[in-house]
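Participant: Our numbering puts the first residue of the sequence shown at 429, with every later residue one more than the last. For every residue, glycine included, the Cβ atom is placed at its ideal position computed from N, Cα and C. As the structure is a computational prediction, the values presented were derived from the model and not from experiment. Got a structure here, written out as structure tokens. Questions coming.
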Amino acid sequence: MDLIIRNANLPDGRKGFDIGIKDAKIATIETSLPSKANEEIDASGYLASPPFVDAHFHMDATLSIGQPRLNQSGTLLEGIELWGELKPHLTVEAIKERALRYCDMAVARGLLAIRSHVDICDPRLLAVDALLEVKKEVAHYLDLQLVAFPQDGFFRSPDAAILLETALDRGVEVVGGIPHFERTMEDGKESVEALCRIAAERGLRVDMHCDESDDPNSRHIETLTAETVRHGLQGRVTGSHLTSMHSMDNYYVSKLLPLMSEAEMNVVSNPLINITIQGRHDTYPKRRGMTRVPEMMKTGLNVAFGHDCVMDPWYSLGSADMLEVASMGLHVGQMTGVEEMKSCFRAVTEFPAKIMGLEGYGLEKGCNADIVILQAADPIEALRLKPNRLFVIRRGKIIARSQPLQSELELPGRPKLVNFSEILKKY
Ligand code: FE2
């Protein structure tokens, strides 16, 4: 073996297993593995997980906070204004530099696959070229998948249709959209139809910002679902945000969910962004805006949590920590049932991996040896603590490591060290 991880806990609840790695793949998972390896990791009591995956991000805007100024109101509208002000001053070098810095943070957090939307409503397509270069540069340690995203509207922005096709010709792999931002509901519907046709003709996946509003009549998800079936794109289409579903009539949703299920629609909810941006026109009671995650999961839909933004014109916070994202989703969705909490962990690991179509993903024999060792005993403790990623392994090689987090107390008569992951065991 090249590497053996000893005595790890697994996400499905099994404890004390050894993971043997050979030639960048998981060769075996068993107890008391007799083989020897060039390198061994003692993971006693710690969780070994497949890496975190973020199926919804904007890498062209990340870490641009303060350029040209801070979002004083914290609203979506001021964010859009700011991005419009920044866009003419973007350079390929600046976008690349910010994106690479974000990828460094992601690796340190065990986040090894990201689907990023890239704004194509810029005649220079600078962000497309920059992120295609970043994709190549990081390929040996992070899977970056790009979505051609017409931020200013596929019809509303004059050259978006041509620019989107050009971006796809250059190697962007997923077709994006933003139907609720078109001028009329009818334009929105037609944009969904046109974009699904492009994806079907090119054999690509679809991922649209869809119904990101509090308007219960924003029903583009209905069209997206119908077009998915019409073009035989089942399982390859994702509805991102779907916040209007929070406000929709329950009877209508009871018709919609089975149709989405029939279309094998994937869903990405972005809880940090949805809880801060939606409901801004409400007084009290104030809507949460997050889509109906537990109900969708019960219907059998594949639902992931995405980060969406980190330190950009729309969101000043965030740190590439998918456990923070999942923890917010858990709280906003009131998903405190035991199985629901476990699903929240899967919503930032295996569910988004399925959305991205990642091959060889998982913690099973034969999968890629991409593994994160967390300073937590199980997925629920990981959600609670958002712990350090002790080891991040990509294709069998350690690419990041952190020391276990603990605090030293200076309290007479009390234990000297507090280690939050061992609190139940020791105290
Ligand atoms: Fe987004």
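Determine the direct distance from the alpha carbon of H669 to that of I432, and round the result to whole angstroms.
Facilitator: Each residue's alpha carbon lies about 40 Å from the other.
Participant: With respect to 8 Å, is the separation between the Cβ of I701 and the closest non-hydrogen atom of ligand 1 below this value?
Facilitator: Yes; taking the cut-off as 8 Å, the Cβ of I701 has a heavy atom of ligand 1 nearer than that.
Participant: Beta-carbon separation of I799 and I454 under 9 Å?
Facilitator: Yes, the pair counts as a contact, with Cβ atoms nearer than the cut-off.
Participant: Excluding five sequence neighbours on each side, which residues of the same chain lie with their C-beta closer than 6 Å to the C-beta of I801?
Facilitator: Excluding sequence neighbours, I801 sits near A471, Y474, A476, L818 and F819.
Participant: For R907, which residues of its own chain have a beta-carbon under 8 Å away from its beta-carbon, when the five flanking residues on both sides are left out?
Facilitator: Outside the displayed range of the chain (429 to 855) lies residue 907, so it cannot be described from this structure.
Participant: Say the cut is 8 Å; is the CB of H648 nearer than that to a heavy atom of ligand 1?
Facilitator: H648 Cβ: outside cutoff for every heavy atom of ligand 1.
Participant: For F779, count neighbouring C-beta atoms within 10 Å of its own C-beta (all shown protein chains included) and say buried if the count is 16 or more, exposed if not.
Facilitator: That one is buried.
Participant: For a test of the three-state rule: what should DSSP assign to N464, helix, strand or coil?
Facilitator: According to the sequence as given, residue 464 is Lys; it is not Asn. K464 falls in the coil class under three-state DSSP.
Participant: Using only the heavy atoms of ligand 1, determine whether one of them is closer than 8 Å to the beta carbon of S697.
Facilitator: S697: no, Cβ never under 8 Å from ligand 1.
Participant: May I ask you to report which of helix, strand or coil DSSP gives V600?
Facilitator: It is coil, neither helix nor strand.
Participant: Going straight from the alpha carbon of A805 to that of S849, what length do you get?
Facilitator: Answer to the nearest angstrom: the Cα atoms are 7 Å apart.
Participant: Quick check: the Cα distance between A465 and M429, rounded to an integer number of angstroms?
Facilitator: Spanning the two alpha carbons is a distance of roughly 5 Å.
Participant: Can you check which of these residues, V695, D642, A483 and T719, is closest to T653 by C-alpha distance?
Facilitator: Closest option to T653, Cα to Cα, is V695.
Participant: Quick one: Cα of Y855 to Cα of N437, how far?
Facilitator: Any answer about Y855 is weak, because its pLDDT of 42 lies below 50 and its placement is not dependable; what the coordinates show is given next. Y855 and N437: Cα-Cα distance of roughly 21 Å.
Participant: Look up S585 in the DSSP assignment and say whether it is helix, strand or coil.
Facilitator: Note: S585 maps to coil in three-state DSSP.
Participant: If the criterion is Cβ atoms closer than 9 Å, does the pair R543 and L574 meet it?
Facilitator: Closer than 9 Å, so yes.
Participant: Buried or exposed, going by whether 16 or more other CB atoms sit within 10 Å of the CB of S492?
Facilitator: So S492 ends up on the buried side.
Participant: Counting Cβ pairs, one atom from each stretch, are 3 or more of them under 8 Å apart for the segment 729-744 and the segment 674-681?
Facilitator: The segment 729-744, when compared against the segment 674-681, does not touch it at the 8 Å Cβ threshold.
Participant: Rounded to whole angstroms, what is the Cα-Cα separation between C624 and H659?
Facilitator: So the two alpha carbons sit approximately 7 Å from each other.
Participant: Could I get the ranges of all uninterrupted beta strand (DSSP E) runs contained in the segment 474-519, with 3 residues as the minimum, in chain order?
Facilitator: Whole beta strand (DSSP E) segments, 3+ residues: 475-477 and 480-485.
Participant: With a threshold of 8 Å, establish whether the CB of D580 neighbours any heavy atom of ligand 1.
Facilitator: Every heavy atom of ligand 1 is 8 Å or more from the Cβ of D580, so no.
Participant: May I have the straight-line CA-CA distance separating L661 from I705, to the nearest angstrom?
Facilitator: Rounded to whole angstroms, L661 to I705 spans 31 Å at the Cα level.
Participant: Report the three-state DSSP secondary structure of D615 (helix, strand or coil).
Facilitator: It is helical.
Participant: By alpha-carbon positions, which one of A622, P478 and R434 ends up nearest to L461?
Facilitator: Per the Cα distances, R434.
Participant: How about L406 and Y569: are their beta carbons less than 9 Å apart?
Facilitator: The requested residue 406 is not part of the displayed model; the chain covers only 429 to 855.
Participant: Alpha carbon to alpha carbon, what distance is there between P807 and G765?
Facilitator: The straight-line gap from Cα to Cα measures roughly 13 Å.
Participant: Just to confirm the assignment, what range does the alpha helix (DSSP H) spanning L818 have?
Facilitator: L818 -> not in any alpha helix (DSSP H); beta strand (DSSP E) instead, spanning R817 to R822.
Participant: Tell me, to the nearest whole angstrom, how far the beta carbon of M718 is from that of V760; I am working on the premise that it is less than 8 Å.
Facilitator: Contact holds; Cβ gap of about 5 Å.
Participant: Quick check: the segment 831-848 against the segment 778-796, are there 3 or more CB pairs under 8 Å?
Facilitator: No: fewer than three Cβ pairs fall under 8 Å.
Participant: Just list the residues that DSSP pairs R708 with in beta bridges.
Facilitator: R708 pairs with nothing; no bridge assigned.
Participant: State buried or exposed for T490, treating a residue as buried only when at least 16 other CB atoms are found within 10 Å of its CB.
Facilitator: T490 should be labelled buried.
Participant: Is G507 buried or exposed, if buried means 16 or more other CB atoms sit within 10 Å of its CB?
Facilitator: When all chains shown are included, G507 counts as buried.
Participant: Hey, is D736 close to ligand 1, as in C-beta under 8 Å from one of its heavy atoms?
Facilitator: Yes - ligand 1 has a heavy atom lying nearer than 8 Å to the Cβ of D736.
Participant: Should S668 be listed as close to ligand 1, given that the test is whether its C-beta is under 8 Å from any heavy atom?
Facilitator: Yes, since a heavy atom of ligand 1 falls inside the 8 Å radius drawn around the Cβ of S668.
Participant: Can you pull the DSSP bridge partners for T719?
Facilitator: Beta-bridge pairing links T719 to no other residue.
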